Amino acid sequence: MQWLTPLVGVYAALVAIPLLLLLYFLKLKRQEMIVSSTLLWKRAVQDLQVNAPFQRLRRNLLLLLQLLALLAMLVALAGPVLALSRGPGQRYVILIDRSASMNATDVKPSRLAAAREQAEVFIESMRGGSLFSLSDASDHAMVIAFDEHAKVMCNFTSDRRQLVAALEAIEPGDGPSRLGEAVTVARAFAQSPGVEGNIRSAERPAQLVLFSDGRIEDLDTIVVAADELVFHQVGVSGDNVAITAMNARRSYERPEEIEVFVSVVNYGPEPVTRDVQLAIDGDVKTVRSVTIPGRQAEPENGLPQPGRVAVNFSLSHEGQGVLEVRQVGDDALAGDDVAWSILDPPKRLAVLLVTAGNPVLESALRGCPIARLDPCSPAGFDAMDPETFAAQSDYDLIVLDNHVPAHLPRSQYLVFGAAPSGIDVNTPGAIENQVLVDWRSQHPVLQYVNLTNLFAARAQQLELPRDAEVLAEFADAPAIALLRREKGAFLLVGFDVLQSNWPFEPGFILFCYNALDFLGVQIAGGRERELAVGESIVLDDLPVDTSVTVTRPDASTVHLKAGPGGSVRFPGTYRVGTYAVEAPGRALQFYAVNLEDAKESRIEPQEEISFSSVTIAAEEQAVQRANVPLWPALVLLTLILACLEWLAYNLRVRI
Amino acid sequence: MTASRSTTATKRLSELLDPKFMARLDGLDVLSRKILQGKLQGERRSKRRGQSVEFADHRPYVVGDDLRFVDWNIYGRLDQLFLKLFLEEQDLTIHILADVSASMGIGDPSKDRFARKLAAALGYVSLVNNNRLTVSLFADGLRRQMPNMRGRNYLSHMAELLLTTECDGFSDFEKACRDAAGSRVGSGITIVISDFLFKQGYESALRRLIGAKYDLYVIQVLSPQEVSPELAGDLKLLDIEDADAAEITATSALIKYYKRNLAAFCSELKDFCTRRGAVYVRATSADSVELLVLNYLRRIHLLR
Chain W
1 MQWLTPLVGV YAALVAIPLL LLLYFLKLKR QEMIVSSTLL WKRAVQDLQV
51 NAPFQRLRRN LLLLLQLLAL LAMLVALAGP VLALSRGPGQ RYVILIDRSA
101 SMNATDVKPS RLAAAREQAE VFIESMRGGS LFSLSDASDH AMVIAFDEHA
151 KVMCNFTSDR RQLVAALEAI EPGDGPSRLG EAVTVARAFA QSPGVEGNIR
201 SAERPAQLVL FSDGRIEDLD TIVVAADELV FHQVGVSGDN VAITAMNARR
251 SYERPEEIEV FVSVVNYGPE PVTRDVQLAI DGDVKTVRSV TIPGRQAEPE
301 NGLPQPGRVA VNFSLSHEGQ GVLEVRQVGD DALAGDDVAW SILDPPKRLA
351 VLLVTAGNPV LESALRGCPI ARLDPCSPAG FDAMDPETFA AQSDYDLIVL
401 DNHVPAHLPR SQYLVFGAAP SGIDVNTPGA IENQVLVDWR SQHPVLQYVN
451 LTNLFAARAQ QLELPRDAEV LAEFADAPAI ALLRREKGAF LLVGFDVLQS
501 NWPFEPGFIL FCYNALDFLG VQIAGGRERE LAVGESIVLD DLPVDTSVTV
551 TRPDASTVHL KAGPGGSVRF PGTYRVGTYA VEAPGRALQF YAVNLEDAKE
601 SRIEPQEEIS FSSVTIAAEE QAVQRANVPL WPALVLLTLI LACLEWLAYN
651 LRVRI
Chain Z
1001 MTASRSTTAT KRLSELLDPK FMARLDGLDV LSRKILQGKL QGERRSKRRG
1051 QSVEFADHRP YVVGDDLRFV DWNIYGRLDQ LFLKLFLEEQ DLTIHILADV
1101 SASMGIGDPS KDRFARKLAA ALGYVSLVNN NRLTVSLFAD GLRRQMPNMR
1151 GRNYLSHMAE LLLTTECDGF SDFEKACRDA AGSRVGSGIT IVISDFLFKQ
1201 GYESALRRLI GAKYDLYVIQ VLSPQEVSPE LAGDLKLLDI EDADAAEITA
1251 TSALIKYYKR NLAAFCSELK DFCTRRGAVY VRATSADSVE LLVLNYLRRI
1301 HLLR
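So the protein lines, in turn, are chains W and Z. The first sequence runs 1 to 655 under my numbering. The second sequence runs 1001 to 1304 under my numbering.
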């Protein structure tokens, strides 16, 4: 036990104890009473004193109790604390991991709650500034919660209640855990004087206190000093069965057919048998029982690899819906037991071809699996009112064949030859006799397309904005580029196909197929409504000030207003589940937020974490309560002693 | 005039004694355990043989004896002179010593009232049976004394004496007994009514009263508050007589010791009396005087 303010206690004792003794020795004011004779009373008193030596003690019991009560108060004034850490005030940055793996329930109620609890103990153990303290040795701390991003819950303060409130305010998330940002933020804040402006302590480096299960992705990119960070490990078990990948797609040939691929992973050492169920809009369609092998060491390097099983479902579903795959079974982490996918109704593209006459292009497009192809003359396209076109036409894709239109309705564009104006692309001149020198064969648009023999007799010299993605290049200028603008995606081909030998190449047909498929995905949207945790839900093309309602998986709702650009952005997809978005004039749209993160699903707690420079082992002992002020207990003791004194006094008088 | 005095006496006396009670007392008489010699021929047998009708004994004649008591029949038969001895019936002197010190005024009901009623009852019995009655009230010595009363006519005097004396002053039992014993002549019964809570002690004083010629009855009167005190808290007890203070904290233990002391005190007094042929009677002021007189005192043969 240590003392915060011993002198105060001593001074108070010097005054109070003699005072109490003085008060005690002052005569008790007795009630006077007349009796016929004091003869027998005096004898009785004598007898009492002679025969009962205990009575003297009893007589002094009151004084004893009073002295004890006073002593307890004085000791409380001296400010005793349990296990004091010495030295000037320290600064701590409490880093709380709130990533998906911290939702594991292998420690009850959850790892995050356990981490929070440990952090609370840590905060309670901080030295607070005593009321009578002569030296300012109070500790300061700040709280940062992190998953993929860091969030400052509380700046440096010595107010423990504020810190605990900040801890309580940490909400669990389903994101991946990345510590880099948190460390950067912590160091930035450690330079600042903090809430209470304690400049002096700002000179000392702050101690980072990390509460995590150690499953952090970017540890090898962070540099910390060995004594800068203390790691408190949370979690006990790594047993978990997770759905780490799920893909549902309609067959391109038969759109009502849906193929679902699910990857189920077992991180535990024992094989487990689990039911994997598939449901659409909550209706269970099929259940399949799978046995997943346990974790095994890899033969090459001996690293343990989790057991993995791929499950395929195929079913027929015409309409739209929310597809849910669930691993039915109890395990530590619930967030990765389920994955969702948004099914759109099967859709084929409606394509508008604006051309002065290009049978090659037209026939190539007609060969692709599209709903319809409407040819249109350039004059006819320019004559259309852009407003009515946008409102009435249902074209998903517009192919511009060497035509610069007067207006650009919002759509996806495949452009051959001259680039349209208004998309930051300049064509200062033409170039001749070009061959392709480089192209990105990995890009979906150029998949399986061989451009080796392509020769363009005449091409536009494209000057692209910096955000354009060049897919193929001539010697002097880009040949094929992808550009995204507010009005849509533009796939620019810098030459007229009729002025090249491309129509004679098989690659041309493949290119058209790929381009339609690629641009079709841009509009089909099923993919873009499957988000990772933390990815924003974005709605475009809304009238200004439209009210949009987002319903979270836990049924809480958020109301948003469309900005001046007509788009709405909802970044709060921190938990997995399906988010429903309701906008006036549109059908209810669902967004699926899936964990599908093998790193977060691997919840086995790490005994040590390896940074790029040092490896820090978890603290062996849980956080101990230190610096616990004992004065409340002493005040309680005083109260009890006062009660005892009252009792003793009453016993003495009444019975 | 005698009638009127008698009426006032009864009237005054009725303040102390209930008329019904007085009527029952009329049938009683004071009884001495020792048959004692009185001064006047009374209604009681005396050890002194004398002129009486009741024969007691014979004894040989010696010169100087009254020839009137010679039994001539025996002289005729035996030719010797014998005197006839008769038991002489004589009166009885009753001395009532009542304590009127300040301590007797304490208690609820008051000890003093009880003592006076008792004294009045005993005095009444004495007077109506033509005994010689002396009533002494003492505190720090004999305060007032009314000696040698005889006959109903003195009832009023006795009543006046008992009613007009205040409880006051500290007690000096020794001096009172010395004076009382000095004023006592002849033989008879002495009845002392007091609480006997004398700081100087009662032993030497009572010894003065005990003698061959007198029966001694000691009646101790205590108040119920003295017998079982109901006190609580820190108290300063003040002695009413000498203002002596005793600071006590009324605990159960203290009360227990007090009661034990009181019992010891009473039994000491009783032993003292019994060993010296005196009779000890203890009463509390809450008791009924009537019951005490009509039952208890008769049972111990003070009254008949």
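Each residue gets a CB set at the ideal place from its N, CA and C atoms; glycine is no exception. Everything numeric in this text was worked out from a predicted model, so none of it was measured.
The beta carbons of residue 415 of chain W and residue 492 of chain W sit about 5 Å from each other, so the pair counts as a contact at 8 Å. In this structure, the alpha-carbon of residue 1067 of chain Z lies about 15 Å from that of residue 1076 of chain Z. The beta carbon of residue 554 of chain W is closer than 8 Å to those of 575 and 577 in its chain, skipping five residues each way along the sequence.
For the pair residue 370 of chain W and residue 352 of chain W, the CB atoms are not nearer than the 8 Å cut-off.
Sorting W:114, W:265 and W:3 by C-alpha distance to the C-alpha of residue 295 of chain W places W:265 at the top.
Relative to residue 231 of chain W, the option among W:641, W:614 and W:45 whose CA is nearest is W:614.
A straight line joining the alpha-carbon of residue 275 of chain W with that of residue 322 of chain W spans about 20 Å. Excluding residues up to 5 positions away in sequence, 351, 353, 373, 399, 512 and 516 lie with their Cβ nearer than 8 Å to the Cβ of residue 365 of chain W in the same chain. Within the same chain, Cβ atoms closer than 8 Å to the Cβ of residue 552 of chain W are found at 558, 572, 575, 577 and 579, the five residues on either side in sequence being excluded. Residues 1301 and 1304 of the same chain have their beta carbon placed closer than 6 Å to that of residue 1031 of chain Z, with the five preceding and five following residues left out of the count.
DSSP places residue 1188 of chain Z inside the beta strand (DSSP E), whose first and last residues are 1188-1194.
In the three-state DSSP reduction, residue 317 of chain W falls in the coil class, being neither helix nor strand. Ranked by how close their Cα comes to the Cα of residue 243 of chain W, the residues W:182, W:318, W:339 and W:114 have W:339 in first place. Chain-order list of chain Z residues neighbouring residue 31 of chain W: 1233, 1234, 1235 and 1236, by C-beta distance under 9 Å. Counting only residues of its own chain and dropping the five nearest sequence neighbours on each side, residue 1200 of chain Z has a CB closer than 8 Å to the CB of 1172, 1173 and 1174. A residue is called buried when at least 16 other Cβ atoms come within 10 angstroms of its Cβ; residue 50 of chain W does not meet this threshold and is exposed.
Restricting attention to Z:1282, Z:1012, Z:1233 and Z:1249, the CA atom closest to the CA of residue 1120 of chain Z is found in Z:1012.
At least one CB of chain W lies nearer than 8 Å to the CB of residue 1265 of chain Z. The segment 339-374 of chain W contains, as complete beta strand (DSSP E) runs of 3+ residues, the segments 350-354 (chain order). Counting only residues of its own chain and dropping the five nearest sequence neighbours on each side, residue 70 of chain W has a CB closer than 7 Å to the CB of 16, 17 and 20.
Of the candidates W:497, W:410, W:68 and W:446, the residue whose Cα lies closest to the Cα of residue 488 of chain W is W:410. About 19 Å separates the beta carbon of residue 606 of chain W from that of residue 335 of chain W, a gap too long to meet the 8 Å contact definition. A residue is called buried when at least 16 other Cβ atoms come within 10 angstroms of its Cβ; residue 25 of chain W does not meet this threshold and is exposed.
Not a single CB atom of chain W sits nearer than 8 Å to the CB of residue 1268 of chain Z. A residue is called buried when at least 16 other Cβ atoms come within 10 angstroms of its Cβ; residue 158 of chain W meets this threshold and is buried. C-alpha of residue 1285 of chain Z to C-alpha of residue 1061 of chain Z: approximately 57 Å in a straight line.
Between residue 240 of chain W and residue 332 of chain W, the gap from beta carbon to beta carbon is short of 8 Å. Selection W:445, W:478, W:444 and W:67 evaluated against residue 427 of chain W yields W:478 as nearest (Cα-Cα). In the three-state scheme derived from DSSP, where H, G and I count as helix and E and B as strand, residue 407 of chain W is classed as coil. If the five residues before and after residue 271 of chain W are omitted, its C-beta is found closer than 8 Å to the C-beta atoms of 291, 292, 293, 294 and 307, all from its own chain and listed in chain order. DSSP places residue 1123 of chain Z within a helical segment (H, G or I) once states are collapsed to three. Relative to residue 628 of chain W, the option among W:126, W:14 and W:104 whose CA is nearest is W:126. Contacts with chain Z (Cβ-Cβ distance below 8 Å) from the segment 154-182 of chain W involve no residue at all. In this structure residue 536 of chain W is in contact with residue 569 of chain W, their Cβ atoms being roughly 5 Å apart against a cut-off of 8 Å. Our two residues, residue 1162 of chain Z and residue 35 of chain W, have alpha carbons roughly 23 Å apart in a direct line. From the beta-carbon of residue 1107 of chain Z, the residues of chain W found nearer than 8 Å are 36.
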